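K.L.:
Have a look at this one.
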Amino acid sequence: MASNNSNEMSKTKEAASSELVEKCREPSNDKAKNDDKTTRKLFPTVAMYGPYNLKDLEPGKKMKWCTCGLSKKQPWCDGAHKGTGFKSLKWKVPETPQRLYSICGCKYTGSPPWCDGSHNDLPCKFIAQIESCGQIHSDNVKLCTGCGWVPDW
Numbered sequence: 001m002a003s004n005n006s007n008e009m010s011k012t013k014e015a016a017s018s019e020l021v022e023k024c025r026e027p028s029n030d031k032a033k034n035d036d037k038t039t040r041k042l043f044p045t046v047a048m049y050g051p052y053n054l055k056d057l058e059p060g061k062k063m064k065w066c067t068c069g070l071s072k073k074q075p076w077c078d079g080a081h082k083g084t085g086f087k088s089l090k091w092k093v094p095e096t097p098q099r100l101y102s103i104c105g106c107k108y109t110g111s112p113p114w115c116d117g118s119h120n121d122l123p124c125k126f127i128a129q130i131e132s133c134g135q136i137h138s139d140n141v142k143l144c145t146g147c148g149w150v151p152d153w
């Protein structure tokens, strides 16, 4: 009898966690919810407020740049985005070698994976974005794609 209760509680926790994930994926703008033509923008978390300045990348090598900000192998993808709606950006190192590659660390660049300086104005915008999100944030969700919030793990 106790194991049945335990199984039911486990299923209830999974359902609640699933519901929270979906709430964090929902657009906070009612117009966006009802407009089929609107593609909801996903907001990554900030991995670093600045570029990753890398040397010795192999020309022509195919890389996967992290777009969600969750990877532990920044700036490259380690698959941490699974379940968030993000996908890595497949990128080929330019054939002409460079001495230094300035790869975006904040994930808000307009020219991925290159750093374009977007991080300079980002800290205040990012905090305001999280504060105005309107979603319920829970430690059971690894990333709120509505604002970029992540739990303090």
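Residues 1 to 153 in full-length UniProt numbering are what the sequence shown lists, from first letter to last. Where is the CB? At the ideal position from N, CA and C, for every residue including glycine. Computed from a prediction, not measured in an experiment: that's the story for all the values here.
Among the candidates GLY60, ASP56, THR45, PHE86, whose CA atom is the shortest distance from the CA of GLY69?
P.N.:
If we check each option's Cα against that of GLY69, THR45 comes out closest.
K.L.:
Kindly indicate which residue of PHE126, LEU54, LEU143 has the alpha-carbon position closest to the one of VAL93.
P.N.:
Minimum Cα distance to VAL93 is reached at LEU54.
K.L.:
Specify whether the stretch 141–151 and the stretch 80–93 touch according to this definition: at least 3 beta carbon pairs, one from each stretch, less than 8 Å apart.
P.N.:
Short answer: they touch.
K.L.:
Tell me whether PRO123 sits in a helix, a strand or coil according to DSSP, three-state version.
P.N.:
Reduced to three states, the DSSP call for PRO123 is helix.
K.L.:
How many angstroms separate the CA atom of GLN121 from the CA atom of THR96?
P.N.:
In the sequence as displayed, the identity of residue 121 is Asp instead of Gln. One C-alpha to the other measures close to 31 Å.
K.L.:
GLN135: buried (16+ other C-beta within 10 angstroms of its C-beta) or exposed?
P.N.:
Answer is buried; the Cβ neighbour count reaches 16.
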